[in-house]
Amino acid sequence: MTGIERRFSDDTRLIDLTVGELKTLIESLAPKTQVIEEKKYVYGYKGLASLLNCSICAAKNLKLSGKIDKAIIQEGRKIVVDTQLVFELLQKTNNDRRSR
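Residue numbers for the sequence shown follow my numbering, so the first one is 311 and each next one is one higher.
Listed below in structure tokens is the structure:
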């Protein structure tokens with residue numbers, strides 16, 4: 311039981327509650343929803359190139375430069391790229407370049 315539930319007995323009528331008290335009571339009883347964001351991935355140089363709207367050669371050069379290494383999972387020949395992390399890393403790299 312939360313603190314708000316203890317303030318009211320089971321005999322308290324809903325009409326006797328203020329709007330704020332009723333709202334707090336309902337919020338305390340409702341389950342909390344957590345937004346879980348699914349990660350999106352692209353695969354290979356072709357997927358990276360289409361994500362960044364560049365050529366496959368430019369995507370390969372970007373990967374080989376090491377700027378987006380944290381966003382890449384590579385096992386053998388398979389390349390998996392976390393799309394959100396790529397954009398964050400590129401934005402950080404771009405901001406670092408502008409601050410010089």
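Note that the Cβ used here is the ideal one computed from N, Cα and C, for glycine as well.
task = Report the rounded CA-to-CA distance for residue 385 versus residue 373, giving the unit in angstroms.
result = Working through the sequence shown from its first residue, we reach residue 385 at position 75. Working through the sequence shown from its first residue, we reach residue 373 at position 63. As the crow flies, the alpha-carbon of residue 385 is around 14 Å from that of residue 373.
For residue 388: DSSP bridge partner residues = Residue numbering aside, residue 388 sits at position 78 when the sequence shown is read from its first letter. The beta-bridge partner set that DSSP reports for residue 388 consists of 385.
request  = Just mark residue 324 as buried or exposed, buried being the case when its beta carbon has 16 or more other beta carbons within 10 Å.
outcome  = In the sequence shown, residue 324 corresponds to position 14, counting from 1. An exposed status is given to residue 324, since fewer than 16 other beta-carbon atoms sit within 10 Å of its beta-carbon.
task = Indicate the three-state DSSP secondary structure (helix, strand or coil) for residue 329 in the structure shown.
result = For the purposes of this step, residue 329 is identified with residue 19 of the sequence shown, where counting begins at 1. Reduced to three states, the DSSP call for residue 329 is helix.
ask   = When the Cα atoms are used, what is the spatial distance from residue 427 to residue 382?
value = This structure gives no information on residue 427, because the portion of the chain shown stretches from 311 to 410.
Rounded separation between residue 368 and residue 400 - CA only = Here the question's residue 368 lines up with position 58 in the sequence shown. Here the question's residue 400 lines up with position 90 in the sequence shown. In a straight line, the C-alpha of residue 368 is about 14 Å away from that of residue 400.
query = Taking just the CA atoms, how far does residue 354 sit from residue 344?
reply = The residue labelled residue 344 in the question sits at position 34 within the sequence shown. The residue labelled residue 354 in the question sits at position 44 within the sequence shown. Cα to Cα, residue 344 sits roughly 32 Å from residue 354.
message = Helix, strand or coil for residue 396? Go by DSSP, reduced to three states.
response = Translated into the one-based positions of the sequence shown, residue 396 becomes position 86. Three-state DSSP puts residue 396 in a helix.
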